[in-house]
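Peer 1: Just add 267 to the spot in the sequence shown (first one is 1) and you have my numbering.
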Amino acid sequence: MTPSKTVDSRPAIQLQEAQLGEFISTGAVTRIQAAGKAAGFELHVDIGSAAGVLGNSRGVVRTFSSLTTLVSLVRRLGAKEFNVSIGEFAADD
268 MTPSKTVDSR PAIQLQEAQL GEFISTGAVT RIQAAGKAAG FELHVDIGSA AGVLGNSRGV
328 VRTFSSLTTL VSLVRRLGAK EFNVSIGEFA ADD
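So this is what it looks like as structure tokens:
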């Protein structure tokens, strides 16, 4: 029996670090998740009923090649925890 997947149909709002830090500090962020992609991890968040993804100033979704770097960012922004979904991540062993 294969478990069913829930597909999130909400469009992701692209956030920059400063915006995400503000949302974290006000308690508006209800979930933070590192989502595994082929090249690394993206940072996805839930803010109320909206879905967000961390981007850069050029409008490109940020990808972190290491969870250590992502942990440093999340900690610097003021969050104490997040979930990790390995997804499509392919570590070079």
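Ideal Cβ positions, reconstructed from N, Cα and C, are used throughout, including at glycine.
Owing to the predicted nature of the structure, the values given are computational and were not obtained by experimental measurement.
Measure from the alpha carbon of E284 to the alpha carbon of each residue in G319, A302, T297 and A306, then state which is nearest.
Peer 2: When C-alpha distances from E284 are compared across G319, A302, T297 and A306, the shortest belongs to G319.
Peer 1: Given 8 angstroms as the limit, is there contact between the stretch 344 to 351 and the stretch 293 to 303, that is, 3 or more CB pairs closer than that?
Peer 2: The stretch 344 to 351 vs the stretch 293 to 303: in contact.
Peer 1: Pick helix, strand or coil for G322, following the three-state DSSP scheme.
Peer 2: Under the three-state reduction of DSSP output, G322 falls in the strand class.
Peer 1: Run through DSSP, which three-state label would S271 get?
Peer 2: Because the pLDDT of S271 is 43, which lies under 50, any placement of that residue in the model is unreliable, and the number read from its coordinates should be weighed accordingly. Three-state DSSP puts S271 in coil, outside helix and strand.
Peer 1: By alpha-carbon positions, which one of G294, F290, A306 and I280 ends up nearest to G354?
Peer 2: A306
Peer 1: Apart from the five residues on each side of it in sequence, which residues of its chain come closer than 8 angstroms, Cβ to Cβ, to T330?
Peer 2: The beta carbon of T330 sits closer than 8 angstroms to those of K304, A306, G307, F308 and E309, all from its chain and outside the five residues before and after it, given in chain order.
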